[in-house]
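Participant: Residues 1 to 155 (the UniProt record's numbering) make up the sequence shown, in order.
Let me give you the structure first, and then I'll get to my questions.
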Amino acid sequence: MAAGTRTEDYPHEIDEQLTTFDTSVSSVKTMLEKMMSMSRNDLMQKLDPLDQAKLELMSAYTLNSLFWMYLVTQGVNPREHGIKQELERIRTYMNRVKEITDKKKAARLDKGAAARFIRSALYDSEEKEPKKKGASKKAAGTALDTPQSKRPKQS
């Protein structure tokens, strides 16, 4: 609140709430000035479709929330006004956008990486040892592994 504001004009019980409200209004004003300084078409061209949807929903929700507050200041019960249904409709679309955003962020299974991980976990060093020049380890051990009847005759 401004330094010169007299506190006798309103009850002291709501002083903190009014201060918070004033701070919130100031931050909304700052954000609106930033948004209004740029043309809407330029702003929309810089955003991807998902961010465009978020901006549109945020703008609609903000405008309707401000109208809700206006109705309250005029003594109208906004819960009995059509603005409540409009805010619910916008909230539904905001939840849809949130679901889409969450799906984009969700972990995906990379089948190739999973196969490599499993293959390396089941790795048998004797089976996969690199071949040496000339003969492999398996070929060298063939005489020992094969039955006596199938071994080549030695001279």
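Even for Gly, the Cβ is constructed at its ideal location relative to N, Cα and C.
Can you have a look at ILE90 and say buried or exposed, based on whether 16 or more other CB atoms are within 10 angstroms of its CB?
Facilitator: By the 10 Å Cβ count, ILE90 comes out buried.
Participant: Going by DSSP in three states, ALA106 sits in which element: helix, strand or coil?
Facilitator: Residue state, collapsed to three classes: coil.
Participant: Roughly how many angstroms lie between the CA atoms of LYS138 and LYS104, to the nearest whole one?
Facilitator: Residue placement at LYS138 is poorly supported in this model, since its pLDDT is 48, which falls under 50; the coordinates are not used for a value here.
Participant: Report the option in SER39, ARG116, LEU32 and TRP68 whose CA atom is closest to the CA atom of LYS85.
Facilitator: Going by the sequence as given, residue 85 is Gln instead of Lys. Checked all of SER39, ARG116, LEU32 and TRP68; the closest Cα to GLN85 is TRP68.
Participant: With a threshold of 16 other CB atoms inside 10 Å of the CB of ALA143, please say whether the residue is buried or exposed.
Facilitator: The predicted model places ALA143 with a pLDDT of 46, which falls under 50 and marks its position as unreliable, so this point remains unresolved.
Participant: Measuring CA to CA, which of LYS54, ARG79 and PRO49 is closest to MET94?
Facilitator: The residue with the shortest Cα to Cα distance from MET94 is LYS54.
Participant: Just to confirm, does ARG119 get its C-beta within under 6 Å of one of the non-hydrogen atoms of the ligand SAH?
Facilitator: The ligand SAH is absent from the structure shown, which contains no ligand whatsoever.
Participant: Could you tell me which of LEU71, MET44, THR73 and VAL72 sits nearest to SER59, measuring between CA atoms?
Facilitator: It is MET44 whose Cα lies nearest to the Cα of SER59.
Participant: From what residue to what residue does the alpha helix (DSSP H) around GLU56 run?
Facilitator: 49-73 is the extent of the alpha helix (DSSP H) around GLU56.
Participant: Go ahead and pull the three-state DSSP assignment for TYR93.
Facilitator: Looking at TYR93 - three-state DSSP - the assignment turns out to be helix.
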